[in-house]
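**Student:**
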Amino acid sequence: MPLIDPMNPIPCQFKTVLVTGAAGFIGFHLCERLLREGISVVGVDNLNAYYDVKLKEDRLSRLLTHRNFSMVRQDLEDKSKLMSLFGEAGFDVVVNLAAQAGVRYSLTNPQAYVDANIVGFINILEGCRHHQVSHLVFASSSSVYGANTRMPFSVHDNVDHPVSLYAATKKANELMAHTYSHLFSLPCTGLRFFTVYGPWGRPDMALFLFTKAILEGNPIKVFNHGRMQRDFTYVDDIVEGIYRVMGRLPAPNPAWSGDNPDPGSSYAPYKIYNIGNNQPVQLSRFIETIEAVIGKKAQKELLPLQPGDVPATYANVDDLTRAVGFKPATSIETGIKRFFDWYKEYYGVG
1 MPLIDPMNPI PCQFKTVLVT GAAGFIGFHL CERLLREGIS VVGVDNLNAY
51 YDVKLKEDRL SRLLTHRNFS MVRQDLEDKS KLMSLFGEAG FDVVVNLAAQ
101 AGVRYSLTNP QAYVDANIVG FINILEGCRH HQVSHLVFAS SSSVYGANTR
151 MPFSVHDNVD HPVSLYAATK KANELMAHTY SHLFSLPCTG LRFFTVYGPW
201 GRPDMALFLF TKAILEGNPI KVFNHGRMQR DFTYVDDIVE GIYRVMGRLP
251 APNPAWSGDN PDPGSSYAPY KIYNIGNNQP VQLSRFIETI EAVIGKKAQK
301 ELLPLQPGDV PATYANVDDL TRAVGFKPAT SIETGIKRFF DWYKEYYGVG
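Residue numbering for the sequence shown follows our numbering, beginning at 1 and increasing consecutively.
1. In angstroms with no decimal places, state the Cα-to-Cα distance between Pro261 and Ala101.
2. Tell me, please, whether the segment 246-257 touches the segment 152-166 by the rule of three or more beta-carbon pairs shorter than 8 angstroms.
3. Quick check on the DSSP output: the alpha helix (DSSP H) that includes Val324 runs from which residue to which?
4. Thinking C-beta only, is Met71 closer than 8 angstroms to Leu82?
5. Going by beta carbon distance, what residues of the same chain come within less than 7 angstroms of Phe28, once the five residues before and after it are set aside?
6. Going by beta-carbon coordinates alone, are Thr233 and Gly276 separated by less than 8 angstroms?
7. Go through its chain and collect everything with a Cβ distance to Val235's Cβ below 6 angstroms, but skip five positions before and after it.
8. Is the beta carbon of Gly146 less than 8 angstroms from the beta carbon of Val317?
9. Going residue by residue through the segment 112-194, where are the continuous alpha helix (DSSP H) segments of at least 4 residues, counting only ones entirely within it?
10. Can you give me the Cβ contacts of Val19 inside the same chain, cut-off strictly under 7 angstroms, excluding the 5 residues immediately before and after it?
11. Find out if the Cβ-Cβ distance for the pair Leu320, Gly241 is shorter than 8 angstroms.
12. What would DSSP say about Phe232, mapped onto helix, strand or coil?
13. Checking the sheet assignment: what are the DSSP bridge partners for Ile242?
14. Residues in its own chain within less than 7 angstroms of Gly325 by CB, not counting five upstream and five downstream?
15. Sort Ile287, Tyr105 and Gly308 by Cα distance to Gln299 and report the nearest one.
16. How big is the Cα-Cα spacing for Phe340 and Lys15?
17. Put Ile39 into one of helix, strand or coil per three-state DSSP.
18. Just verifying my parser: in three-state terms, what is the DSSP assignment at Tyr343?
19. Thinking C-beta only, is Ile238 closer than 8 angstroms to Phe193?
20. Exposed or buried, what is Val93 when buried is set at 16 or more other beta-carbons lying within 10 Å of its beta-carbon?
21. Roughly how many angstroms lie between the CA atoms of Leu175 and His66, to the nearest whole one?
22. According to the neighbour-count rule (16 or more other Cβ atoms, all chains shown, within 10 Å of its Cβ), is Thr169 buried or exposed?
23. Less than 8 angstroms between the CB atoms is what I'm expecting for Thr289 and Ile332, so what's the real figure, rounded?
24. Give the secondary structure of Ala206 by DSSP, where H, G and I count as helix, E and B as strand, and everything else as coil.
25. Determine whether the beta carbon atoms of Pro269 and Ser181 lie at a separation below 8 angstroms.
26. By DSSP, does Asn358 sit in helix, in strand, or in coil?
27. Taking the straight line between their C-alpha atoms, what separation do you get for Tyr243 and Leu34?
28. By the DSSP assignment, the alpha helix (DSSP H) with Ser80 in it spans what residues?
29. Only counting the same chain, and skipping five residues up and downstream in sequence, which positions put a Cβ closer than 7 angstroms to that of Met246?
30. Is the Cβ-Cβ distance between Glu57 and Asn123 less than 8 angstroms?
31. Ends of the beta strand (DSSP E) at Phe286?
32. Quick check on DSSP: helix, strand or coil for Ala315?
33. Please name the residue, chosen from Gly127, Ala172 and Asn148, that lies closest to Ser140 on a Cα-to-Cα basis.
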């Protein structure tokens with residue numbers, strides 16, 4: 001796949017990609033896509049116990065069947081090991097998907113977020129800086145919009161009011177990446193993901209939790225009394241967006257001005273994109289769709305909004321569409337059915 005610099009139309013081929021968080025939900029799907037394209041992938045993951053390690057190991061076992069995939073099990077916080085890996089491998093592109101995830105977990109385990117999301121990320125930036133990496137693509141999150149209420153969320157809006165430590169660490173990643181773009185001309189692209197779901201998903205996410213509870217006849221916790229809205233985005237759409245962005249180097253924005261600074265671009269080689277379905281769905285409708293796919297009604301426990309949560313997310317993806325010619329479009333009906341088909345097979349549900 002060509003890496004295209006908008007300032008230089010001559011493409012160069014990249015051959016080896018580092019994917020951190022390779023045993024994670026999105027990382028696993030991205031690795032599979034890159035391997036199908038004939039790209040060599042080095043995966044890094046610590047397989048921590050935030051959720052079922054067996055699920056991570058099963059994802060990894062699928063990746064290890066590919067001859068162009070190799071795996072390094074380590075923490076990103078271990079700088080010396082990470083620098084050795086950068087020095088040995090010679091990565092063309094780095095995609096950083098490793099992070100301590102989860103809004104609610106950050107309320108009780110804040111140190112885990114500082115270690116993985118801040119210390120780990122500065123080590124990634126240092127590796128890219130010192131080893132001539134052509135492009136760093138990194139995961140941010142829709143959580144950075146925090147207390148913003150103007151919809152749809154735009155990368156050109158200010159995002160200085162996070163409502164969880166998880167969101168604050170993701171905002172910090174964006175600021176850290178911009179600093180390295182400014183100081184060292186490191187091309188960096190941040191991707192704000194919106195409520196990703198699909199096969200091989202995280203067990204702490206709503207679709208997984210609801211499916212398991214409904215099948216077992218247990219009540220589901222419905223926060224904000226079902227009035228929550230989320231821009232549910234199918235994982236294949238997320239991966240398509242990442243894949244296309246990887247091959248497009250961010251160019252400095254010639255119209256950028258410090259008198260009226262645009263948060264989504266820069267005078268440096270730095271860019272932010274939303275990747276979301278651009279179609280928010282009310283939680284109550286999401287649950288109804290799960291019920292229809294499973295063929296069984298849910299028992300609902302209606303609860304207020306949780307600390308750290310926001311009532312709605314909605315992605316403006318105009319910049320992504322203009323840049324790479326792609327807009328996520330998988331319906332929740334299609335996505336939930338694919339998830340349930342996988343769930344039945346993986347867990348042996350009749």
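Glycine included, every Cβ here is placed at the ideal spot set by N, Cα and C.
**Tutor:** The relevant details are as follows:
1. Counting from one through the sequence shown, the residue named residue 261 turns up at place 261. Counting from one through the sequence shown, the residue named residue 101 turns up at place 101. Cα-Cα distance, rounded: 29 angstroms.
2. Segments in contact, no.
3. By 1-based counting over the sequence shown, the position of residue 324 is 324. Going by DSSP, Val324 is part of the alpha helix (DSSP H) stretching over Asp318 to Val324.
4. Numbered from 1 along the sequence shown, position 82 holds the residue referred to as residue 82. Numbered from 1 along the sequence shown, position 71 holds the residue referred to as residue 71. No, these two residues do not count as a Cβ contact at 8 angstroms.
5. Residue 28 sits at position 28 when you count from the first residue of the sequence shown. Around Phe28: Ala22, Arg59, Leu63 and Trp200.
6. Walking along the sequence shown from the start, residue 233 turns up at place 233. Walking along the sequence shown from the start, residue 276 turns up at place 276. For Thr233 and Gly276, yes; Cβs fall inside 8 angstroms.
7. One-based indexing of the sequence shown puts residue 235 at position 235. Apart from sequence neighbours up to five positions away, the residues of its chain that approach Val235 with a beta-carbon distance below 6 angstroms are His29, Val196 and Gly198, ordered along the chain.
8. Start at 1 with the first residue of the sequence shown, and residue 146 comes out as number 146. Start at 1 with the first residue of the sequence shown, and residue 317 comes out as number 317. Cβ atoms of Gly146 and Val317: not closer than 8 angstroms.
9. Here the runs fully enclosed are 120-130 and 165-184.
10. Locating residue 19 in the sequence shown gives position 19, counting from the first residue. Correct list, in chain order: Gly27, Leu30, Cys31, Val41, Gly43, Val95 and Leu97.
11. Position 320 of the sequence shown, counting from 1, holds the residue named residue 320. Position 241 of the sequence shown, counting from 1, holds the residue named residue 241. In contact: Leu320 and Gly241 (Cβ atoms closer than 8 angstroms).
12. Stepping through the sequence shown from its first residue, residue 232 is reached at position 232. Phe232: coil per DSSP, three-state reduction.
13. For the purposes of this step, residue 242 is identified with residue 242 of the sequence shown, where counting begins at 1. Answer is none; Ile242 lacks a bridge partner.
14. One-based indexing of the sequence shown puts residue 325 at position 325. Cβ within range, chain order: n/a, list empty.
15. Locating residue 299 in the sequence shown gives position 299, counting from the first residue. Closest option to Gln299, judged by alpha-carbon separation, among Ile287, Tyr105 and Gly308: Ile287.
16. Sequence index remark: in the sequence shown, residue 340 carries index 340 (1-based). Sequence index remark: in the sequence shown, residue 15 carries index 15 (1-based). In this model, Phe340 and Lys15 are separated by some 35 angstroms (Cα to Cα).
17. In the sequence shown, residue 39 corresponds to position 39, counting from 1. Ile39: coil per DSSP, three-state reduction.
18. Counting from 1 along the sequence shown, the entry for residue 343 is found at position 343. If DSSP states are grouped into helix, strand and coil, Tyr343 belongs with the helices.
19. Sequence index remark: in the sequence shown, residue 193 carries index 193 (1-based). Sequence index remark: in the sequence shown, residue 238 carries index 238 (1-based). Yes, Cβ-Cβ distance for Phe193 and Ile238 is below 8 angstroms.
20. Taking the first residue of the sequence shown as position 1, residue 93 is located at position 93. Answer is buried; the Cβ neighbour count reaches 16.
21. Along the sequence shown, read from residue 1 onward, the residue named residue 175 stands at position 175. Along the sequence shown, read from residue 1 onward, the residue named residue 66 stands at position 66. Distance between the alpha carbons of Leu175 and His66: 36 angstroms.
22. Indexing the sequence shown from 1 puts residue 169 at position 169. Counting Cβ neighbours within 10 Å, Thr169 comes out buried, since at least 16 surround it.
23. By 1-based counting over the sequence shown, the position of residue 289 is 289. By 1-based counting over the sequence shown, the position of residue 332 is 332. With a Cβ gap of about 5 angstroms, Thr289 and Ile332 count as contacting.
24. Translated into positions along the sequence shown, residue 206 becomes position 206. In the three-state reduction of the DSSP assignment, Ala206 falls in the helix class, which pools H, G and I.
25. Translated into positions along the sequence shown, residue 269 becomes position 269. Translated into positions along the sequence shown, residue 181 becomes position 181. In this structure, Pro269 lies near Ser181, with their beta-carbon atoms less than 8 angstroms apart.
26. Residue 358 cannot be examined here, being either before or after the span of the chain that is shown, 1 to 350.
27. The residue given as residue 243 occupies position 243 in the sequence shown. The residue given as residue 34 occupies position 34 in the sequence shown. Rounded to whole angstroms, Tyr243 to Leu34 spans 8 angstroms at the Cα level.
28. Residue numbering aside, residue 80 sits at position 80 when the sequence shown is read from its first letter. Going by DSSP, Ser80 is part of the alpha helix (DSSP H) stretching over Lys79 to Ala89.
29. Locating residue 246 in the sequence shown gives position 246, where the first residue counts as 1. Closer than 7 angstroms at the Cβ level, and outside the excluded window around Met246, lie Val93, Val95, His135 and Val137.
30. For the purposes of this step, residue 57 is taken as the residue at position 57 of the sequence shown. For the purposes of this step, residue 123 is taken as the residue at position 123 of the sequence shown. In this structure, Glu57 lies away from Asn123, with their beta-carbon atoms at least 8 angstroms apart.
31. Within the sequence shown, numbered from 1, the residue matching residue 286 stands at position 286. From DSSP, Phe286 is part of no beta strand (DSSP E) but of the alpha helix (DSSP H) over Leu283 to Ile294.
32. To locate residue 315, count along the sequence shown from 1; it is residue 315. Three-state result, Ala315: strand.
33. Locating residue 140 in the sequence shown gives position 140, counting from the first residue. Ser140 has its Cα closest to that of Ala172, out of Gly127, Ala172 and Asn148.
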